[in-house]
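If you're matching positions, the sequence shown starts at 0 in numbering that gives the first Met the number 0 and goes up one per residue.
Idealized CB from N, CA, C, for every residue including glycine.
Notes follow the structure.
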Amino acid sequence: MTTAVAIGSDEAGFELKARLCDIIRAEGWEVVDFGCHSPEPVDYPDVAFAVAHAIARGEMERGVLICGTGIGMAIAANKVPGIRAAQAHDPYSAERARKSNDAQILTLGARVIGPELASSLVRIWLHSEFAGGNSARKVGLISAEERRLGATDGPGA
Numbered sequence: 000m001t002t003a004v005a006i007g008s009d010e011a012g013f014e015l016k017a018r019l020c021d022i023i024r025a026e027g028w029e030v031v032d033f034g035c036h037s038p039e040p041v042d043y044p045d046v047a048f049a050v051a052h053a054i055a056r057g058e059m060e061r062g063v064l065i066c067g068t069g070i071g072m073a074i075a076a077n078k079v080p081g082i083r084a085a086q087a088h089d090p091y092s093a094e095r096a097r098k099s100n101d102a103q104i105l106t107l108g109a110r111v112i113g114p115e116l117a118s119s120l121v122r123i124w125l126h127s128e129f130a131g132g133n134s135a136r137k138v139g140l141i142s143a144e145e146r147r148l149g150a151t152d153g154p155g156a
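So this is what it looks like as structure tokens:
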């Protein structure tokens, strides 16, 4: 696994994504841009799935996803087995996403927070590590449920 951050956005997050790429590089990480590559509309789930799958396969260590609110990207990314994507709009949540929840993906809302706060949240999240301890047990419970659900053919099976 490389010390690379996968980044992606829809058109609402396109401008903020460019700024965050510079911030992530300045923090010493490689950046791999999964799109979008213009302000033209795209389907955000496609971008979220691409980033989440790259992380789940071990090709990327972490990811940042940006859409209008951060909500849709989080929902989509969390559909990929093994992924924990957390939306954050404040410093405490960005830190706890890593320390308590071992979130590999941070999602942000470009229409909800400004570029300065987004930059600060990414820095905080990049410099936070999973604390383990009691949180490890809880993250383990989430992973176990995910494995259990993967063994079925869906609801009612």
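Residue i in three-state terms, based on DSSP
i, result
"residue 79", "coil"
"residue 62", "strand"
"residue 39", "coil"
"residue 9", "coil"
"residue 29", "strand"
Residue burial classification, residue i (beta-carbon count within 10 angstroms, cutoff 16)
i, result
"residue 231", "Since the first residue of the chain shown is 0 and the last is 156, residue 231 is not available in this structure."
"residue 19", "buried"
"residue 93", "buried"
"residue 155", "The pLDDT assigned to residue 155 is 40, lower than 50, so where the model puts this residue is not dependable, and the model offers no usable value."
"residue 136", "exposed"
"residue 149", "exposed"
"residue 140", "exposed"
"residue 17", "exposed"
"residue 61", "buried"
"residue 104", "buried"
Assumed close pair residue i, residue j - CB separation to whole angstroms, cut-off 8 Å
i, j, result
"residue 120", "residue 107", "7 Å"
"residue 64", "residue 84", "7 Å"
"residue 59", "residue 31", "6 Å"
"residue 38", "residue 13", "5 Å"
"residue 26", "residue 122", "6 Å"
"residue 111", "residue 68", "6 Å"
"residue 55", "residue 81", "5 Å"
"residue 142", "residue 99", "At roughly 15 Å, the Cβ-Cβ gap does not stay under 8 Å, so residue 142 and residue 99 are not in contact."
"residue 50", "residue 76", "7 Å"
"residue 160", "residue 15", "In the structure as shown, the chain begins at 0 and stops at 156. Residue 160 is therefore absent and cannot be evaluated."
Segment limits, alpha helix (DSSP H) that includes residue i
i, result
"residue 50", "43 to 55"
Residue i beta carbon near the ligand PLP (any heavy atom closer than 7 Å)
i, result
"residue 18", "What this structure holds is no ligand at all, so the ligand PLP is not there to describe."
- Item | Within the region 82 to 149, ranges of the alpha helix (DSSP H) (whole runs, at least 4 residues) | 90 to 98, 114 to 125, 133 to 149
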